[in-house]
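Report on one structure; see the data block that follows.
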Amino acid sequence: MSGAEVLDDVGQHLSGAGSFDRAAVPLGMYVAFLAQHGLLSEALQDRAGTLVTRVRYREITGSELLIAGCGGELRADHLSAEGRAFSGAFLGDFLDVFRDTFGADVYAVPDDWDHYDRLAPRLAAALMAFRGGSRAAADDGRPWWKFWR
107 MSGAEVLDDV
117 GQHLSGAGSF
127 DRAAVPLGMY
137 VAFLAQHGLL
147 SEALQDRAGT
157 LVTRVRYREI
167 TGSELLIAGC
177 GGELRADHLS
187 AEGRAFSGAF
197 LGDFLDVFRD
207 TFGADVYAVP
217 DDWDHYDRLA
227 PRLAAALMAF
237 RGGSRAAADD
247 GRPWWKFWR
């Protein structure tokens, strides 16, 4: 995966979405997840650090970061090494997960944190599986501070 490789962009979704703001929502939620989990590159954080921080504090949505900070494109150089590897393994399935969560019309989903919160556990499970863990192993009834027992 080269640094300038475009993994996805809002323009690819315009015909199905009907408008630019609706086209940005699914990929924007993915970008918000990447920001929340430290999977963005240092270069992007240097260039758009205020926007990244505002996403982490939920002051703006991921689609706002995608548009204002990434020019509407998710590129390989926007991601950390782990972010690139995870996206390479998962991004092809992302819209299916999005549809499973919200229904067939992925572009009708409101761009807000309540809807992100419905999607995030599915993305977190995919990230855990990618990292070699599993949700079952993490949820065995023990308090989190007793993970070593």
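Quick note on the numbering used here: the sequence shown kicks off at 107 and runs consecutively. C-beta atoms are modelled at their ideal positions from N, C-alpha and C, and glycine is treated no differently.
query = Which residues bound the beta strand (DSSP E) around leucine 113?
reply = 112–115
Nearest residue (CA-CA) to arginine 205, options Phe126, Phe236, Leu120 and Val131 = Val131
request  = Following the continuous beta strand (DSSP E) through arginine 181, name the residue where it begins and the one where it ends.
outcome  = 179–181
ask   = Across which residues does DSSP place leucine 157 in a beta bridge pair?
value = In the DSSP output, where bridge partners are listed per residue, leucine 157 has none listed.
ask   = Does DSSP put leucine 185 in a helix, a strand or coil?
value = strand
query = Out of Gly239, Leu120, Ala149 and Leu229, which has the shortest C-alpha to C-alpha gap to serine 193?
reply = Leu229
contact_flag[the segment 117–124, the segment 141–158] where n(CB pairs < 8 Å) is 3 or more = no
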